[in-house]
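**Q** Everything in the sequence shown is counted per UniProt numbering, starting at 1 for the first residue and increasing by one. Backbone N, C-alpha and C fix where the C-beta goes; we use that ideal spot for every residue, glycine too. Handing you this structure, nothing more for now.
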Amino acid sequence: MAVVEAVPELVSSTRLMEGFTFQRIETRGAEINVATAGEGPPLLLIHGNPLTLVSWHKVAPSLARDFSVVAIDMRGYGDSSKPYGGEDHSGYSFRSIGEDAFDVMDALGHKTFAVAGHDRGARVGFRMALDQPERVTRYAALDIVPTHHVLNNITLGWARESYHWFFMAQKAPFPEKLLCADLDYYMRYKLNKKGVGLEIFTPEAIEEYIRCATPEQIHAVCEDYRATITVDLDMDTAEYGKRKITCPTMVIWGTNSHCGRHFKPVEAWSEWADDLVGLPVPTGHYPAEHRPDLVYAAFYRFFRGEPVT
């Protein structure tokens with residue numbers, strides 16, 4: 001029987017993205033803020049809303065001991081550029097954001113690589129794994145079920161916790177004007193999830209998220225959500241039952257998140273992936289900041305091709 005090695009100890013640091021080097025990389029449609037560190041198999045990290053790449057700061061330095069870690073601010077978020085989304089909002093579709101990610105990895109010399117995404121970033125990773133399966137070697141999603149499943153299985157409980165999906169998708173500039181009236185209040189309210197609170201975030205991370213919450217970013221995020229219920233849903237609907245993710249896939253969800261409370265993640269993901277492992281963790285919607293020890297251990301094993309328990 002093979003001996004399974006222990007997971008190395010998690011790196012602890014008070015600095016955001018300790019040991020990472022930052023640069024901007026021009027893609028076919030944006031300029032992307034990129035943080036890199038480490039050596040080994042390449043691993044791309046993609047954040048969610050309303051976050052930035054620093055949302056990985058509690059796990060990324062540890063991962064960089066074994067992987068070439070690349071963390072990006074998605075277009076429209078953080079310190080990446082905020083290009084025009086187009087009349088149909090397709091400039092902020094998960095495909096367009098994924099194309100930025102492919103371009104970044106090309107620029108860094110990574111032809112094939114693993115992808116981990118949280119929230120919106122996990123939806124980008126989903127689209128990347130479908131669009132260019134020859135390039136994505138492994139894929140991990142944090143605290144989502146696929147978009148097609150969400151929008152075809154809406155319940156009252158989920159809708160009450162996920163008001164922003166349809167509020168932010170309203171015609172511009174209606175949601176932008178309301179949200180930008182008090183961005184500090186909005187960001188703290190958005191991060192303060194039911195039954196979890198703000199204590200899981202470091203003060204430095206919260207301040208970084210608030211710094212990046214400019215009117216330009218809020219508009220881009222709204223464009224992201226407008227694209228989700230139009231062009232993104234159309235793409236998923238056209239492929240539902242016809243295509244699946246071919247690489248090994250892991251989904252991690254918080255048992256105290258809206259995902260864990262209102263969906264059956266493994267069942268939802270089995271519609272899109274056959275080589276699938278599911279891992280519930282005792283967190284809310286932000287597992288990498290709430291329980292980085294559990295997320296790091298799962299990533300370490302999964303991206304090394306080891307069993308995840």
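Would you give the residue range spanned by the alpha helix (DSSP H) that L183 belongs to?
**A** L183 to L191
**Q** Does the segment 176-183 come into contact with the segment 294-307, if we say contact requires no fewer than three beta-carbon pairs (one atom in each stretch) closer than 8 Å?
**A** With the cut-off at 8 Å, the segment 176-183 and the segment 294-307 do not touch.
**Q** DSSP state of V34, grouped into three classes?
**A** The DSSP-derived three-state label of V34 is strand.
**Q** For the beta strand (DSSP E) containing R138, name the first residue and the last one.
**A** V136 to L142
**Q** Spatial neighbours of V7 within its chain, please: CB distance less than 8 Å, with the 5 preceding and 5 following residues excluded, ordered by chain position.
**A** Y296, A297, Y300 and R301
**Q** If you count every other CB in all the chains shown that lies within 10 Å of the CB of K15, and 16 or more means buried, which is it?
**A** It should be noted that the sequence gives Arg, not Lys, for residue 15. Exposed, by the Cβ-count rule.
**Q** Quick one: Cα of T21 to Cα of L191, how far?
**A** 27 Å
**Q** Name the DSSP beta bridge partners of Q23, please?
**A** Beta-bridge pairing links Q23 to V34.
**Q** Let's see if you can read the secondary structure: which residues bound the beta strand (DSSP E) around S62?
**A** Note, S62: premise wrong, no beta strand (DSSP E); alpha helix (DSSP H) at A60 to L63.
**Q** For G78 and T52, which I take to be in contact (beta-carbon distance under 8 Å), what is that distance rounded to the nearest angstrom?
**A** 3 Å
**Q** For the candidate residues G98, E271, E161 and Q170, whose alpha-carbon lies nearest to that of R135?
**A** When each option's Cα is compared against that of R135, the closest is G98.
**Q** When DSSP builds the beta bridges, which residues end up paired with L45?
**A** A71 and A116
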